[in-house]
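Chemist: For the sequence shown, counting from 1, position 233 maps to 232 in numbering that gives the first Met the number 0; every step adds exactly one. In this text, a Cβ means the ideal position worked out from N, Cα and C, and glycines have one as well. Everything numeric in this text was worked out from a predicted model, so none of it was measured.
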Amino acid sequence: MIELQRLWHRLASRVLDRWLAFRLVEPEPFRLDSALPTFYVIARPSMTDELAVERLSRDLHLPDADAWHPFGHGGLPACFALPRLRGRRGQIRGQHSAHLQQLLDALEADPTLDAQLVPVSVFWSRAPGKDFGFWKMLAADDWAWSGRLRRLLSVIVNGRHLEAHFGEPIRLRPLIDDPAVTLTQRKVARVLRVHFRRIRARVLGPDISHHRTLVRGVVDSQPVRQAVLEAAEANRSTPARERRRAERYAREIASNMSYPVLRFFYEMLKRLWNRLYDGVDVHGLDAVKAIAGERTLIYVPCHRSHIDYLLLSYVLYREGLMPPHIAAGRNLDMPVIGALMRRGGAFFMRRSFKDNRLYATVFNEYLHRLIARGHPVEYFIEGGRSRTGRMLSPRPGMLAMTLRSFARDAIRDVAFVPVYVGYESVLESSSYLRELRGGRKKKESPLDLLRVLKHLREPHGRVTVSVGEPLSLASFLNETAPDWQVEPASTRPAWLNHAVPRLGETLARRINDAASLNAVSLVAMTLLATPHHTIESDLLAHHVGLLVRLQKTLPGSQRCRLPTGEPAEWIDHAVNLGFVTRQPQALGELITARPEQATLLTWYRNNVLHLFMHLGLVAFAFRNNAAFSLDDLDALLTPAWPLLAQELYFAPPDDPRQRLADTLAVLTEEGLLQATDNGWRRQPGHLESSEHLRLLGQPVQPTLERAYLLLASLLRYSSGELTREVLEEHSRQLAERLTLLAGLNAPEFFDKRLFSGLLDTLEQQGWLRVENEHLFYEESLARLQRRSRALFDPELRHRLVRLTRQ
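#1: Rounded to a whole number of angstroms, what is the C-alpha to C-alpha distance between Phe70 and Leu102?
#2: Starting from Cys78, follow its DSSP beta bridges and name the residues at the other end.
#3: For the alpha helix (DSSP H) that contains Ile290, what are its first and last residues?
#4: I need the DSSP call for Arg30, collapsed to helix, strand or coil.
#5: Taking contact to mean 3 or more Cβ pairs, one atom from each stretch, closer than 8 Å, check whether the segment 609–626 and the segment 670–682 are in contact.
#6: Compare the beta carbon distance of Ala507 and Met390 with 8 Å and say whether it is the shorter of the two.
#7: If you check the beta carbons only, do Pro395 and Gly283 fall under 8 Å apart?
#8: Contact between the segment 551–565 and the segment 701–710 is defined here as three or more beta-carbon pairs at a separation below 8 Å; is this criterion met?
#9: How many angstroms separate the CA atom of Trp413 from the CA atom of Leu539?
#10: Find the nearest neighbour of Leu35 within the set Thr47, Arg172 and Ala518, judged by alpha-carbon distance.
#11: Skipping 5 residues on each side, what residues in its chain have a beta carbon closer than 6 Å to that of Gly344?
#12: Just tell me which of Val418, His305 and Val376 has its CA closest to the CA of Arg386.
#13: Does the Cβ of His60 have 16 or more other Cβ atoms within 10 Å, making it buried, or fewer, making it exposed?
#14: In whole angstroms, what is the alpha-carbon distance linking Arg243 and Arg250?
#15: Alpha helix (DSSP H) containing Pro300: first to last residue?
#16: In chain order, what are the residue ranges of uninterrupted alpha helix (DSSP H) at least 4 long that sit wholly in the segment 684–754?
#17: Whose C-beta lies closer than 8 Å to the C-beta of Asp792 among residues of the same chain, with five residues either side of it excluded?
#18: Quick one: is Ala200 buried, meaning 16 or more other Cβ sit within 10 Å of its Cβ, or exposed?
#19: Return the chain-ordered list of same chain residues with a C-beta closer than 6 Å to the C-beta of Arg54, the five sequence neighbours on each side being excluded.
#20: Using the three-state DSSP reduction, which class does Ala233 fall into: helix, strand or coil?
#21: Quick check on the DSSP output: the beta strand (DSSP E) that includes Met348 runs from which residue to which?
#22: Using three-state DSSP, classify Leu767 as helix, strand or coil.
#23: What is the DSSP secondary structure of Thr563, counted as helix, strand or coil?
#24: Are the Cβ atoms of His302 and Glu381 separated by less than 8 Å?
#25: Would you kindly work out how many angstroms separate the C-alpha atoms of Val121 and Met46, rounded to a whole number?
#26: Going by Cα to Cα distance, which pick from Arg658, Pro583, Leu737 and Tyr603 is closest to Ser520?
#27: With a Cβ-Cβ cutoff of 8 Å, do Ala359 and Asp408 count as a contact?
#28: Less than 8 Å between the C-beta atoms of Ala163 and Phe21, yes or no?
#29: Measure the alpha-carbon distance for Gly337 versus Ala327 and round it to whole angstroms.
#30: Residue range of the alpha helix (DSSP H) that Phe813 falls in?
#31: If you compare alpha carbons, which of Thr295, Pro393 and Gly421 is closest to His367?
#32: Excluding the five sequence neighbours on either side, which residues of its own chain have a C-beta within less than 7 Å of the C-beta of Val187, listed in chain order?
#33: Do Pro375 and Tyr298 have their C-beta atoms closer together than 8 Å?
#34: Pull up the CB-CB distance for Val217 and Glu364, whole angstroms please, since I reckon it's below 8 Å.
#35: Just verifying my parser: in three-state terms, what is the DSSP assignment at Lys129?
#36: Tell me whether Ser465 is buried or exposed, calling it buried when 16 or more other Cβ atoms sit within 10 Å of its Cβ.
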């Protein structure tokens with residue numbers, strides 16, 4: 000019988016050997032000890048999986064998976080499977096593996112023997128790089144183990160596009176010799192099963208085949224049943240009627256993710272990105288893959304375009320990770336479109352549900368069940384898209400619901416995954432241009448995505464998806480709110496009030512830490528720092544090259560991604576994308592931006608502005624001061640760090656003085672400053688290095704001007720005389736007047752939210768205190784405002800003083 004099985008195995012191997020091929024193998028195979036017998040373990044009995052592993056071992060020059068090793072009576076095959084846990088007729092089977100037991104018995108009988116186990120997971124058609132088609136979808140892997148007919152279909156249809164995932168090798172001898180470990184084959188099998196399930200969860204996500212069960216479970220949960228009774232009493236209705244309303248809410252909210260539809264979206268989006276972009280660059284996903292099977296993932300990308308969520312889902316699917324369930328506005332739940340989005344993983348939420356307790360309870364319970372079951376989830380902490388290119392203030396709603404869900408059931412850790420998406424040309428350029436020039440913000444519509452498709456034939460360059468440092472929610476709460484496990488999750492715990500804002504700020508900073516520089520953002524940083532948005536071509540090339548060198552030497556973030564190529568190529572690229580124009584001139588070519596181009600460039604500059612604040616702040620101080628000692632500069636600039644960090648969401652330095660010293664050293668090395676016996680001095684004004692210093696410092700000016708306007712307005716009144724609301728509005732009006740007097744069209748300069756953020760920072764730093772909605776300050780704040788005047792040139796200082804006295 001055994002010889003017949005081997006003969007059939009060899010025959011099948013010859014037939015399939017030329018057919019099977021792997022699309023993805025990860026991670027790179029571990030280095031195996033060639034002196035040890037190697038056994039490959041697969042998740043369940045499957046001859047096709049065994050043949051695939053044998054082919055893989057030959058392709059990668061690994062120990063042969065088709066070999067037999069002389070362990071025990073008759074030897075052991077180099078590739079074997081764990082047994083099924085459930086029989087065909089529903090009876091439960093044990094975890095006993097005859098091959099594994101035979102191997103362990105042989106090792107225990109002979110202390111000179113050793114062996115290594117290598118778990119290998121093989122997926123047929125989960126690999127998303129395959130061509131789309133009905134039969135390929137039908138043969139795709141999911142959580143239900145396939146039968147013989149379906150596996151035969153998988154071999155025929157998907158055998159050229161397999162995906163394999165290696166586990167870390169397990170050496171058996173150290174475990175057997177360890178007296179502290181009582182090793183049985185059942186325990187080893189359990190460890191292997193946990194590994195296989197973790198890999199399967201990472202690649203396929205949790206089982207999504209029970210949509211109706213999930214919806215029914217939401218409605219039958221204790222919180223929803225309690226909310227139904229309360230709604231019946233409040234509305235003078237019957238519990239049955241309110242339960243039906245809860246069921247409608249649950250169906251309105253819930254996604255109905257489908258593997259075939261995910262494949263459909265993947266193939267559609269693959270064609271879209273190939274037509275739209277020159278390429279999609281992905282960085283940092285290895286850290287996500289390492290934790291995907293162990294923690295529930297919450298993706299929190301920045302929101303810059305309608306296509307952010309489509310792009311991220313495409314990238315995750317392409318890289319072998321399960322796409323997330325995505326929180327979407329209810330306005331997108333349209334006929335046909337809504338149904339497709341729902342099957343692609345979207346779940347829908349209303350803009351506001353403060354006055355509808357039953358709806359809020361159903362939504363909270365649905366989100367909780369997604370997170371508790373390990374489904375990856377995605378939402379935008381900014382709420383809407385950023386029309387200015389800056390990171391918007393995080394909104395507390397979804398973050399608070401996630402924290403409460405985790406506190407309610409913290410068995411499985413949750414990891415937030417910050418994602419930065421950087422575009423060289425965003426699809427919504429025309430609408431952003433209108434809004435940046437002061438136009439009224441247009442309400443989002445489900446048809447907006449269809450409208451931008453008319454720009455498919457226009458060049459859009461490349462797009463970068465960079466993953467920031469994941470954040471463990473358990474670790475965050477242990478540090479931020481040590482008593483989070485004490486207070487009952489059914490109530491609104493007191494720690495939530497300070498944990499949610501801090502979580503939002505932390506995630507926003509981690510998103511910005513992953514920012515990427517590209518040709519357009521570099522050109523925008525330089526050109527917008529010139530008075531008339533025109534610069535010599537060679538000076539522009541020198542300055543963008545300087546910006547990249549400075550980021551290499553003293554980066555604004557350790558995760559910042561820098562462009563490849565040369566400065567001249569970056570300028571050519573910005574010209575080809577239509578952001579700037581070449582202007583020939585007898586004495587040398589000029590690069591200029593028309594008014595509409597300059598306005599749009601502010602969006603791309605604001606994407607990366609935070610990366611240059613540590614350099615720009617020092618450069619700005621030297622614009623109107625010839626020399627500084629380290630002590631004087633430290634005293635002048637240290638109060639500005641929190642203001643800039645709060646507005647632009649970057650981490651202020653742990654040691655501002657040391658960071659300042661490092662910055663001065665880098666600027667000196669680049670020739671922008673001169674080191675003297677008493678400190679540092681700027682270069683003479685006729686040198687090109689002086690112009691580089693001015694260009695580097697100019698982007699900091701708007702934030703410092705806003706802070707000066709706000710402080711000057713406050714200090715005109717006695718302590719406790721002004722309310723916060725009055726001061727914010729008055730400061731906004733002064734900033735608007737300043738832009739008009741300067742002939743600028745920059746609505747973002749007088750955004751009221753920026754003044755609100757400045758007040759928050761001043762309060763956090765102890766410069767202000769709020770009592771009964773009135774603002775109180777000490778004399779130290781007036782001294783700070785007087786000292787800050789040294790940063791501004793006399794003409795601007797005079798203009799600011801005149802404005803604040805009106």
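Modeler: If we stick to the structure as given:
#1: Your numbering for residue 70 matches position 71 in the sequence shown. Your numbering for residue 102 matches position 103 in the sequence shown. Using only the alpha carbons, I get a separation of about 6 Å.
#2: In the sequence shown, residue 78 corresponds to position 79, counting from 1. DSSP, once it has assigned bridges, lists Tyr39 as partnering Cys78.
#3: Residue mapping note: residue 290 aligns to position 291 of the sequence shown, counting from 1. From DSSP, the alpha helix (DSSP H) with Ile290 extends over Leu284 to Ile290.
#4: Mapped onto the sequence shown, residue 30 falls at position 31. Coil at Arg30, not helix or strand.
#5: yes
#6: Counting from one through the sequence shown, the residue named residue 507 turns up at place 508. Counting from one through the sequence shown, the residue named residue 390 turns up at place 391. For Ala507 and Met390, yes; Cβs fall inside 8 Å.
#7: Translated into the one-based positions of the sequence shown, residue 395 becomes position 396. Translated into the one-based positions of the sequence shown, residue 283 becomes position 284. Taking 8 Å as the Cβ cut-off, Pro395 and Gly283 do not qualify as a contacting pair.
#8: no
#9: In the sequence shown, the residue the question calls residue 413 occupies position 414. In the sequence shown, the residue the question calls residue 539 occupies position 540. Just to set this straight, residue 413 is Val in the shown sequence, not Trp. The C-alpha of Leu539 is placed about 45 Å away from the C-alpha of Val413.
#10: Taking the sequence shown and counting its residues from 1, the one referred to as residue 35 is at position 36. Selected option, being the one with the closest Cα: Arg172.
#11: Taking the first residue of the sequence shown as 1, we reach residue 344 at position 345. So the qualifying residues of the chain are Ser254, Met256, Pro322, His324 and Ile325.
#12: The count along the sequence shown starts at 1 and reaches residue 386 at position 387. That would be His305, whose Cα lies nearest to the Cα of Arg386.
#13: Reading the sequence shown from its first residue, position 61 is the one you call residue 60. Exposed.
#14: The count along the sequence shown starts at 1 and reaches residue 243 at position 244. The count along the sequence shown starts at 1 and reaches residue 250 at position 251. Rounded to whole angstroms, Arg243 to Arg250 spans 11 Å at the Cα level.
#15: Position 301 of the sequence shown, counted from the first residue, corresponds to residue 300. Careful: Pro300 lies outside any alpha helix (DSSP H), inside the beta strand (DSSP E) at Thr295 to Pro300.
#16: Counting whole runs of 4 or more residues, the segment 684–754 contains the alpha helix (DSSP H) stretches 687–696, 700–714 and 723–740.
#17: As a first step, residue 792 must be located in the sequence shown, where it is residue number 793. Excluding positions up to five away in sequence, the list reads Arg622 and Asn623.
#18: Looking up residue 200 in the sequence shown gives position 201. Classification for Ala200: buried.
#19: By 1-based counting over the sequence shown, the position of residue 54 is 55. Excluding residues within five positions, the ones whose Cβ falls inside 6 Å are Leu19.
#20: Counting from one through the sequence shown, the residue named residue 233 turns up at place 234. Helix.
#21: Along the sequence shown, one-based indexing puts residue 348 at 349. Looking at the DSSP string, the run of the beta strand (DSSP E) that includes Met348 is Ala345 to Met348.
#22: Taking the sequence shown and counting its residues from 1, one reaches residue 767 at position 768. In this structure, Leu767 counts as strand in the three-state DSSP scheme.
#23: Position 564 of the sequence shown holds residue 563. Note: Thr563 maps to coil in three-state DSSP.
#24: For the purposes of this step, residue 302 is taken as the residue at position 303 of the sequence shown. For the purposes of this step, residue 381 is taken as the residue at position 382 of the sequence shown. Cβ distance < 8 Å, so His302 and Glu381 count as in contact.
#25: The count along the sequence shown starts at 1 and reaches residue 121 at position 122. The count along the sequence shown starts at 1 and reaches residue 46 at position 47. Looking at the two C-alpha atoms, the distance is approximately 12 Å.
#26: The residue you call residue 520 lines up with position 521 of the sequence shown. If we check each option's Cα against that of Ser520, Tyr603 comes out closest.
#27: The residue given as residue 359 occupies position 360 in the sequence shown. The residue given as residue 408 occupies position 409 in the sequence shown. No; because the gap between Cβ atoms is not below 8 Å, this pair is not in contact.
#28: Your numbering for residue 163 matches position 164 in the sequence shown. Your numbering for residue 21 matches position 22 in the sequence shown. Result yes, Cβ atoms of Ala163 and Phe21 sit closer than 8 Å.
#29: Within the sequence shown, the letter at position 338 stands for residue 337. Within the sequence shown, the letter at position 328 stands for residue 327. If I take the Cα positions, the gap works out to 10 Å.
#30: In the structure as shown, the chain starts at 0 and stops at 805, and residue 813 therefore has no counterpart that could be examined.
#31: For the purposes of this step, residue 367 is identified with residue 368 of the sequence shown, where counting begins at 1. Nearest of Thr295, Pro393 and Gly421 to His367, Cα basis: Thr295.
#32: The residue given as residue 187 occupies position 188 in the sequence shown. Excluding sequence neighbours, Val187 sits near Leu99.
#33: For the purposes of this step, residue 375 is taken as residue 376 along the sequence shown, with counting starting at 1. For the purposes of this step, residue 298 is taken as residue 299 along the sequence shown, with counting starting at 1. Cβ distance < 8 Å, so Pro375 and Tyr298 count as in contact.
#34: Translated into the one-based positions of the sequence shown, residue 217 becomes position 218. Translated into the one-based positions of the sequence shown, residue 364 becomes position 365. Confirmed, about 5 Å.
#35: By 1-based counting over the sequence shown, the position of residue 129 is 130. Bear in mind that the predicted position of Lys129 carries a pLDDT of just 35, short of 50, making it unreliable; the figure below should be weighed with that in mind. Looking at Lys129 - three-state DSSP - the assignment turns out to be coil, as it is neither helix nor strand.
#36: Here residue 465 refers to the residue found at position 466 of the sequence shown. Classification of Ser465: buried, given that the 10 Å Cβ count is 16 or more.
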